[in-house]
Amino acid sequence: MQDKPQTLEDSWQRSIRYVRISVTDHCNFRCQYCTPESGAPWFPKPEQLTANEYKRLIRIFAGLGVSHIRFTGGEPLLFPALPELIAEAKAAGVAKRSVSTNGVLLARKGASLLRAGLSKVNISLDSLNKERFSAITRGGDLDAVLEGIEVARQIGVPQIALNVVLHQSSTREDLLRLAEFALIGDLDIRFIELMPLGSAGSTLYQRDFYSAQKAKALIETAFGPLQPEQDSPTDGPASLYRVPGFASRVGFITPWSHNFCAACNRVRVNAAGRLLYCLGQEAGLELREVLRGGLADRHIAQKIQQGVWHDKPERHYFEDVPDRSAPVFMMRVGG
269 MQDKPQTLED
279 SWQRSIRYVR
289 ISVTDHCNFR
299 CQYCTPESGA
309 PWFPKPEQLT
319 ANEYKRLIRI
329 FAGLGVSHIR
339 FTGGEPLLFP
349 ALPELIAEAK
359 AAGVAKRSVS
369 TNGVLLARKG
379 ASLLRAGLSK
389 VNISLDSLNK
399 ERFSAITRGG
409 DLDAVLEGIE
419 VARQIGVPQI
429 ALNVVLHQSS
439 TREDLLRLAE
449 FALIGDLDIR
459 FIELMPLGSA
469 GSTLYQRDFY
479 SAQKAKALIE
489 TAFGPLQPEQ
499 DSPTDGPASL
509 YRVPGFASRV
519 GFITPWSHNF
529 CAACNRVRVN
539 AAGRLLYCLG
549 QEAGLELREV
559 LRGGLADRHI
569 AQKIQQGVWH
579 DKPERHYFED
589 VPDRSAPVFM
599 MRVGG
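Mapping the sequence shown onto our numbering, position 289 (from 1) lands on 557, and the numbers just tick up by one.
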């Protein structure tokens, strides 16, 4: 008689099938919503997980029924062993292996990621205006990002999506140019509301929040009514729409104006090995200590199951926090 397959579930009857793993907190951008202007301390080297520890975690999560692993940062393409981790996820039977990147290194490293088993890449692109892009990213190279997007298309990455963080200060032209760029290029695009995460995100949120509802209305004035699409369980939190006449999809991610907590199917691991159950909560499990404590994989899996069951909250509770901020730097968890 076979053992019952292990699963990962919380006490709110949600199945956890999606894990976002931050492989580094280092980044070659310093985006306004991600990093304070003064910078933020990096995790000390001894506190960061090693490539072998990440591989072990990947196998454990795969054994718990996880079907989608996304590698994030900081900037994940700065992590030399990223292709090995993607290959490990594929070998472990993880159906979807994706990466979130700023795209600067994608032209150089995209082919090795694809050979390893990359199935999707999300590229941050908040403006097609060079000056505005440089201001948002504090010096980022727009041309390098656009080259990375083009190379990803040419080498045949199965799924490519653009991530756009919405700002009140974004112009109508900014948003419509991005939408047109994606639709004409057969690229999916996601418009994401600002979240009050850490001092950087909280400050920007208070002065520059722009709702996805407004962005959707603006896009519909230019391209016509958007047609809702049934979401895939591992597609993440975006509400997806089709635009008549185009193959790609437009998505809206609304953590604030219309939270998706009831359908949350994900947890995160930061670069220091802390398992985070929710971006809006401090509760977590120190997996680094567990991994280095001599436990067998099955016992680590049990600890993860217990932590998710007991400590993953029902929702993020941003609206209940006086300053509407969560005590986390986005650069350390990768969104």
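Beta carbons are placed, not taken as given, at the ideal position from N, Cα and C, and that holds for glycine. Quantities reported herein were computed from a predicted structural model and do not represent experimental measurements.
Taking 7 angstroms as the limit between beta carbons, can you name the residues of its chain near residue i, skipping five residues before and five after?
i	result
G331	Q274, A569
G552	R542, L543, L544, Y545
L610	Outside the displayed range of the chain (269 to 603) lies residue 610, so it cannot be described from this structure.
F347	V291, T292
V608	With the chain running from 269 to 603 in the structure shown, residue 608 is simply not present.
Helix, strand or coil, according to DSSP, for residue i in the structure here?
i	result
F528	coil
K323	helix
V367	strand
S402	helix
E441	helix
I284	coil
E415	helix
E277	strand
A468	Caution is warranted here: a pLDDT of 46 is assigned to A468, below 50, making its placement in the model unreliable, and the coordinate value is therefore given only provisionally. A468 falls in the helix class under three-state DSSP.
R560	coil
S380	helix
F329	helix
Q316	coil
F491	helix
Q422	helix
T502	For T502, the pLDDT reaches just 47, beneath the cut-off of 50, and the residue's location in the model is therefore unreliable, although a value from the coordinates is still provided. If DSSP states are grouped into helix, strand and coil, T502 belongs with coil.
F477	coil
H584	coil
A485	helix
D454	coil
F297	coil
F612	Beyond the ends of the chain as shown, which are 269 and 603, falls residue 612; an answer cannot be given.
D394	coil
Q549	coil
E448	helix
D409	coil
Comparing C-alpha positions only, which one of the options sits nearest to residue i?
i	options	result
K484	R517, G513, G504, D454	R517
E305	R400, Y322, G407	G407
G513	G519, P493, R445, N431	P493
V419	I391, A308, C529, S402	I391
I417	R376, S335, Y478	R376
L455	V576, W310, P309, I428	I428
V287	R365, L317, E321	R365
L396	L414, A384, A379	L414
D293	L446, F339, L325	F339
G548	K580, A490, A540, A531	K580
F329	V558, A357, L410	A357
F528	L373, P344, A379, E582	E582
L325	P314, L563, A379	L563
S438	G453, F477, P464, I423	F477
A336	A319, A349, I354	Correcting the residue identity first, residue 336 is His in this sequence and not Ala. The option with the nearest alpha carbon to H336 is I354.
A379	G575, P344, I423	I423
D409	P309, G504, L374, L486	L374
With residue i and residue j assumed to form a contact (beta carbons below 8 angstroms), what rounded beta-carbon distance in angstroms separates them?
i	j	result
V535	L555	Actually they are not in contact, since the Cβ atoms of V535 and L555 sit about 11 angstroms apart, beyond 8 angstroms.
R298	N533	So it is not a contact: roughly 31 angstroms between Cβ atoms.
V367	L386	6 angstroms
V362	V334	6 angstroms
A540	G342	Not confirmed; about 12 angstroms, so no contact.
V511	L451	6 angstroms
A319	V372	With a Cβ gap of about 22 angstroms, A319 and V372 do not count as contacting.
Kindly list the residues whose CB is nearer than 6 angstroms to the CB of residue i, restricted to its own chain and excluding five residues on each side of it in sequence; keep chain order.
i	result
T405	F297, C299
T522	E461, A480
P426	S387
D394	I404, V432, V433
F459	V432, L434, A480, A483, F520
L444	A490
Across which residues does DSSP place residue i in a beta bridge pair?
i	result
Y509	P496, V518
I289	F339, V537
E554	R542
Q427	K388
F347	For F347, which the question treats as bridged, DSSP gives no partner whatsoever.
I460	V433, I521
V576	Answer by DSSP bridge pairing: none, since V576 is not bridged.
Could you tell me whether any non-hydrogen atom of the ligand COA is closer than 8 angstroms to the CB of residue i?
i	result
Q481	The ligand COA is not part of the structure shown, which contains no ligands of any sort.
Once the 5 residues before and after residue i are set aside, which same chain residues still bring their CB inside 8 angstroms of it?
i	result
R327	E356, A360, D565
H584	P523, N527, C529, C546, L547, G548, Q549, A594
S283	T275, L276, E277, G333, N533
K323	E352, L353, E356
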